[in-house]
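The sequence shown lines up with residues 20 to 472 when you count with my numbering. Every residue gets a Cβ at the ideal spot worked out from N, C-alpha and C, and that includes glycine. Here's the structure we're looking at; comments come further down.
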Amino acid sequence: MDKSKSHRRRLSRRNFIKRATWGTAGFALASSLTDFPLGTSWGDSQPSRVVIVTDEAASAGSTIVADVVHVMMDRAIMELTDEISVGAAWLSLFPGITSASQIGIKVNCINRYCSSHPEVAYAIAEGLARMQVGGSDFPRNNIIIWDRTNNELSNAGYSRYTGSDPDTVRCFGTDQSGYGYDPASLQVNGRTCYPSSIMSQHCDYLINLSVLKNHSTSGVTFSLKNHYGSIHNPGALHGSYCDPYLPALNQQIRDQLGNPQVVSICDGIFGIYSGGPSGYPQFAYNGILLSQDPVALDYQGMLILANHGCQTTGMATHIATAAGVPYNLGTNDPGQMDVRHIVNPSTGVSEDNRPSLQPGGYRLGHAYPNPFNARTVVPYHIGGQRPVPVRVEVFNVRGQRVSTLFQGMRGPGDYLVAWEGQDERGGLVASGLYFCRLQTPNYAANAKMILTR
Numbered sequence: 020m021d022k023s024k025s026h027r028r029r030l031s032r033r034n035f036i037k038r039a040t041w042g043t044a045g046f047a048l049a050s051s052l053t054d055f056p057l058g059t060s061w062g063d064s065q066p067s068r069v070v071i072v073t074d075e076a077a078s079a080g081s082t083i084v085a086d087v088v089h090v091m092m093d094r095a096i097m098e099l100t101d102e103i104s105v106g107a108a109w110l111s112l113f114p115g116i117t118s119a120s121q122i123g124i125k126v127n128c129i130n131r132y133c134s135s136h137p138e139v140a141y142a143i144a145e146g147l148a149r150m151q152v153g154g155s156d157f158p159r160n161n162i163i164i165w166d167r168t169n170n171e172l173s174n175a176g177y178s179r180y181t182g183s184d185p186d187t188v189r190c191f192g193t194d195q196s197g198y199g200y201d202p203a204s205l206q207v208n209g210r211t212c213y214p215s216s217i218m219s220q221h222c223d224y225l226i227n228l229s230v231l232k233n234h235s236t237s238g239v240t241f242s243l244k245n246h247y248g249s250i251h252n253p254g255a256l257h258g259s260y261c262d263p264y265l266p267a268l269n270q271q272i273r274d275q276l277g278n279p280q281v282v283s284i285c286d287g288i289f290g291i292y293s294g295g296p297s298g299y300p301q302f303a304y305n306g307i308l309l310s311q312d313p314v315a316l317d318y319q320g321m322l323i324l325a326n327h328g329c330q331t332t333g334m335a336t337h338i339a340t341a342a343g344v345p346y347n348l349g350t351n352d353p354g355q356m357d358v359r360h361i362v363n364p365s366t367g368v369s370e371d372n373r374p375s376l377q378p379g380g381y382r383l384g385h386a387y388p389n390p391f392n393a394r395t396v397v398p399y400h401i402g403g404q405r406p407v408p409v410r411v412e413v414f415n416v417r418g419q420r421v422s423t424l425f426q427g428m429r430g431p432g433d434y435l436v437a438w439e440g441q442d443e444r445g446g447l448v449a450s451g452l453y454f455c456r457l458q459t460p461n462y463a464a465n466a467k468m469i470l471t472r
C-alpha cells in the first residue's frame, strides 16, 4: 500500500478546520480543588465523560500484565462510547474513516523508566484492529505508534518497524529517515514551531497517549504537554509554567491540522508524583484514563497526583487557561464532567456510576472451578425491570472471540453459563488464560478463566 497517498499534503495546504472531537463543554463558575479559575467555552453543553479504569492485577512488582491491560482498555473504551463491542466502540470515534486511513498514537517516551508503556499502546492498537471498516478488520499497518526519536522509543521497550506487513503496527520516531519535521510552521504564542511530519502529513486521526507524571515546570504532564514531543523546539515553550504555551500549541494542532485528535488516554499503570518528569516510578496506580476532552482528562490526572502527595499541582495553571477563551480546548469544571470509575474488570468486579449498577443491578461472578480442565461455570445477574439483550462470549488474551456461550434476551434474575474449553466449531482450544465477557446495552464485564489440559 502506498503510504504517501494524496491526503498527505503539506501543513500550508490544509484547511483551517475547527474540530469538536476534543470535547468543548460548557462551564460553571465554581472553584476547583486547586482554586484555579474555571474557563468559559463554546460548543456542546453535555458533560465531558472521563473513564478511569483501575485493576489491582495490572502490575506485579515492576512488571505490567499485558493481558489485564487489554481487558482494562477494552472495558474503558466501551464505557466511554456506550458501545457493547470493542470494535464498534473504537469505530465510533473515527468519523469518515476508510480502510486507507491512518491513525497515529502519540506516545511519551522521554523518560525510559516511566513512559507510555508498549503494553498500553498495543492494547489500543489491537482494539483499533477490531474495527470493521469497508467490510474487513482495520489494517494494523495503518496504525503508527510514534514519538520524537527512534532511540527514545527503543529505550522505552518499543521495536521499530517501518515495513508494509498489513498485520504489523508501524512504530518509529520523527527522526526516522524520510520523515522529520514539517517545513510549514505553527505559531505558538510568539514562537515558531515545526510539527512532526508524522502528525501533519502521515496521520488522518490522532490518539494522545500520555503518562501519569508531575513536572518541575508545568506542575503536571499529561495529554496537553505530550504534544511538546510533537514539535521541534519544546524547550522554547517552558516559560511561565508553560502557560499559555501549552494551550496555544494544542489549539494550533487542533485548528491548523486536518487530522483530529479523537481521544486522549493517560497510561497510569505507574506514576511519578515528585521530581518528574524524569526518574523511576514512585507508585503503582494501576489505572488508565480516557476522555475525548484533554482538559478534563488532565484535570482528573492532576487530582490523582494530588491524592498521592504531589506538591506541584498548583503550578499547573495551563489547565484552566486551556479551558478558557481563546483556546476552548475542554473543561476544567468538575461539575461539567461525567466521571466513570471501573474497578478490577479482569476479575469481573466492575463499579461505575450508572444507576443500573446500583445494588440489584448487573453482575458477573467468578468462574468455578478455576483453573479448570473440562468444564467451568460462570454466574451472572441481570437487573432492572424488563428483559434486555445479553451476550456472553469467550475471548482469548489477544481479544479474539473464541466462542459465543449465549446471545438473546434475558429478564431480571440469576443465570449460569458453562464453557467446556471449545471454540465456535466445537474444537478443543489450547491451555491458557481466557475471559468470559458479559455484555448488555448498559453493562460490560469480564471474568478470568484459566484452562489447563
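Start and end residues, alpha helix (DSSP H) containing residue i
| i | result |
| --- | --- |
| P408 | From DSSP, P408 is part of no alpha helix (DSSP H) but of the beta strand (DSSP E) over V407 to N415. |
| Q92 | Strictly speaking, residue 92 in this sequence is Met, with Gln absent from that position. Residues A85 to T100. |
| G270 | Note that residue 270 is Gln in the sequence shown here, rather than Gly. That run of the alpha helix (DSSP H) goes Y264 to Q275. |
| A142 | P137 to L147 |
| A107 | V105 to L110 |
Start-to-end residues for the beta strand (DSSP E) that takes in residue i
| i | result |
| --- | --- |
| V362 | M356 to V362 |
| V70 | S67 to T73 |
| G123 | I122 to K125 |
Whole-number beta carbon distance between residue j and residue i, since they are thought to touch under 8 angstroms
| i | j | result |
| --- | --- | --- |
| D357 | R94 | With a Cβ gap of about 17 angstroms, D357 and R94 do not count as contacting. |
| V436 | V411 | 5 angstroms |
| I124 | I143 | 6 angstroms |
| L276 | S219 | 6 angstroms |
| C212 | H251 | 7 angstroms |
| G306 | N233 | About 16 angstroms; that fails the 8 angstroms criterion. |
| V90 | P364 | 5 angstroms |
| V362 | F113 | Not a contact, Cβ separation roughly 28 angstroms. |
| V407 | R429 | 7 angstroms |
| I338 | G287 | The Cβ separation is near 17 angstroms, so there is no contact. |
| A121 | I163 | Residue 121 is actually Gln in this sequence, not Ala. Contact holds; Cβ gap of about 7 angstroms. |
| Y292 | C329 | 4 angstroms |
| A77 | V70 | So it is not a contact: roughly 15 angstroms between Cβ atoms. |
| S249 | P202 | Not confirmed; about 15 angstroms, so no contact. |
Close beta carbons around residue i, own chain, < 6 angstroms, minus the five adjacent residues each side
| i | result |
| --- | --- |
| G290 | L231, F302 and Y304 |
| P137 | G176 and Y177 |
| P158 | P185 |
| A386 | T395, V397, A466 and M468 |
| S283 | N227, S242, S310, P313 and L316 |
| A267 | V207 and N208 |
| Y299 | Y132 |
| L172 | C128, D166 and G192 |
| T471 | P390, N392 and S450 |
Beta-bridge pairing of residue i - partner residues as DSSP gives them
| i | result |
| --- | --- |
| Y247 | Per DSSP, none; premise fails for Y247. |
| S78 | I83 |
| N170 | In the DSSP output, where bridge partners are listed per residue, N170 has none listed. |
| Y177 | Paired residues: none, contrary to the question. |
| I164 | I124 and C190 |
| S155 | V152 |
| L256 | DSSP, once it has assigned bridges, lists no residue as partnering L256. |
| T366 | A466 |
Own chain residues within Cβ distance below 8 angstroms of residue i, not counting five before or after
| i | result |
| --- | --- |
| Y180 | T187, V188, R189, C190 and F191 |
| G418 | H89, D93, V105, E145, G146 and R149 |
Same chain only: Cβ atoms within 7 angstroms of residue i, ignoring 5 sequence neighbours per side
| i | result |
| --- | --- |
| S111 | T100 and E102 |
| A148 | D156, F157 and R159 |
| V72 | M91, R94, A95, G306, I307, I361 and P364 |
Heavy atom of the ligand GTP within 8 angstroms of residue i beta-carbon
| i | result |
| --- | --- |
| T117 | Among the ligands in the structure shown, none appear at all, so the ligand GTP cannot be discussed. |
What ranges does the beta strand (DSSP E) occupy inside the region 377-463, keeping only unbroken runs of at least 3 residues that lie completely in it?
395-401, 407-415, 420-429, 432-438 and 451-459
Run through the region 186-242 for me and flag every whole alpha helix (DSSP H) of 4 or more residues, listed as ranges in chain order.
216-220
Of all the alpha helix (DSSP H) runs that stay within the bounds of the region 274-355, which reach a length of 4 or more residues?
313-326 and 337-342
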